[in-house]
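The working numbering numbers the first residue of the sequence shown as 79 and each following residue consecutively.
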Amino acid sequence: MSLLTLPFGVLVGFSLGLTGGGGSIFTVPLLVYGLSTLPREAIVISLAAVGATAFMGFVQRLRTKEVELGTGLLFAAAGMLGAPVGSLLGGHIPDTLLLGLFALLMLLVASRMWVQTLRNPEEASAVRALPASESERRGPACKRDPHGKLSMTSRCALALTLAGLFQPDGYPPGSGYFASYNYSD
79 MSLLTLPFGV
89 LVGFSLGLTG
99 GGGSIFTVPL
109 LVYGLSTLPR
119 EAIVISLAAV
129 GATAFMGFVQ
139 RLRTKEVELG
149 TGLLFAAAGM
159 LGAPVGSLLG
169 GHIPDTLLLG
179 LFALLMLLVA
189 SRMWVQTLRN
199 PEEASAVRAL
209 PASESERRGP
219 ACKRDPHGKL
229 SMTSRCALAL
239 TLAGLFQPDG
249 YPPGSGYFAS
259 YNYSD
């Protein structure tokens with residue numbers, strides 16, 4: 079075991095605690111390129127490490143009533159349906175291609191988030207209190223009311239289900255990788 083294992087773990091935990099995401103985005107590259115772990119082993123380690131770390135963050139935020147349990151359970155259930163399919167497909171893809179696809183996915187999601195935030199800064203805020211008629215026509219599928227509670231519409235449920243189903247291989251089901259993606263376009 080490398081001396082870098084502990085600081086890398088702290089970095090991943092910090093990212094998850096701060097933003098609720100980024101676990102696998104950091105974990106897989108840190109394991110592969112920082113600790114010379116084989117890509118497929120890194121994916122499995124990432125699943126265990128990020129899942130356990132995310133669970134600790136979940137428990138902590140559950141105590142402070144920051145968790146929307148229904149949304150999380152729906153997202154996790156959809157992710158659990160998609161995870162075996164992703165694992166099966168991932169087993170047939172060469173390691174170098176898998177890492178390349180992983181990097182491409184990170185770049186696409188990051189650029190999409192960046193553009194959406196620049197284009198609509200109000201969409202990036204934690205509370206989205208648009209009038210109901212405007213809210214239904216534009217913006218992200220999942221919105222929050224003025225008190226910060228998620229408005230679970232059929233459009234939002236569909237977006238969360240699809241995001242959970244299509245988690246990339248190597249991400250824990252319901253890890254939230256796509257949770258900040260704007261499904262309105």
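Yeah, the Cβ is synthetic: ideal placement off N, Cα and C, and Gly gets one too.
Looking at the secondary structure, which residues open and close the alpha helix (DSSP H) in which Pro85 lies? Run containing Pro85: Thr83 to Thr97, per the alpha helix (DSSP H) assignment.
What separation, rounded to the nearest whole angstrom, lies between the Cα atoms of Leu89 and Leu96? The alpha-carbon of Leu89 is positioned some 10 Å away from that of Leu96.
Return the CA-CA distance between Pro209 and Val106, expressed in angstroms with no decimal places. For Pro209, the pLDDT reaches just 43, beneath the cut-off of 50, and the residue's location in the model is therefore unreliable, leaving the point undetermined.
So, using beta-carbon positions, are Leu94 and Ala154 closer together than 8 Å? Not closer than 8 Å, so no.
In chain order, what residues of the same chain lie with their CB nearer than 7 Å to the CB of Thr83, ignoring the 5 residues before and after it? Counting only Cβ-Cβ distances below 7 Å, and skipping sequence neighbours, we find Leu113.
Give me the Cβ distance between Met69 and Gly157, rounded to the nearest whole Å; I'm assuming they're in contact under 8 Å. The displayed coordinates of the chain run from 79 to 263. Any statement about residue 69 would go beyond what the structure contains.
Where the alpha helix (DSSP H) through Glu278 begins and ends: Nothing about residue 278 can be reported from this structure: the residues present for the chain run from 79 to 263 only.
Close beta carbons around Leu238, own chain, < 6 Å, minus the five adjacent residues each side: Same-chain partners within the cutoff: Leu152 and Phe153.
Let me check one thing: in DSSP terms, what residues is Arg222 bridge-paired to? Arg222 is bridged to Leu228.
Between the C-alpha atoms of Gln194 and Pro162, what's the straight-line distance to the nearest angstrom? If you take the alpha carbons of Gln194 and Pro162, they lie about 31 Å apart.
For the 8 Å Cβ check, are there 3 or more pairs between the stretch 182-190 and the stretch 128-145? Verdict: no, contact absent.
Straight-line CA distance for Arg141 to Gly150? Each residue's Cα considered, the two are about 15 Å apart.
Are the beta-carbon atoms of Val264 and Ala126 separated by less than 8 Å? In the structure as shown, the chain starts at 79 and stops at 263, and residue 264 therefore has no counterpart that could be examined.
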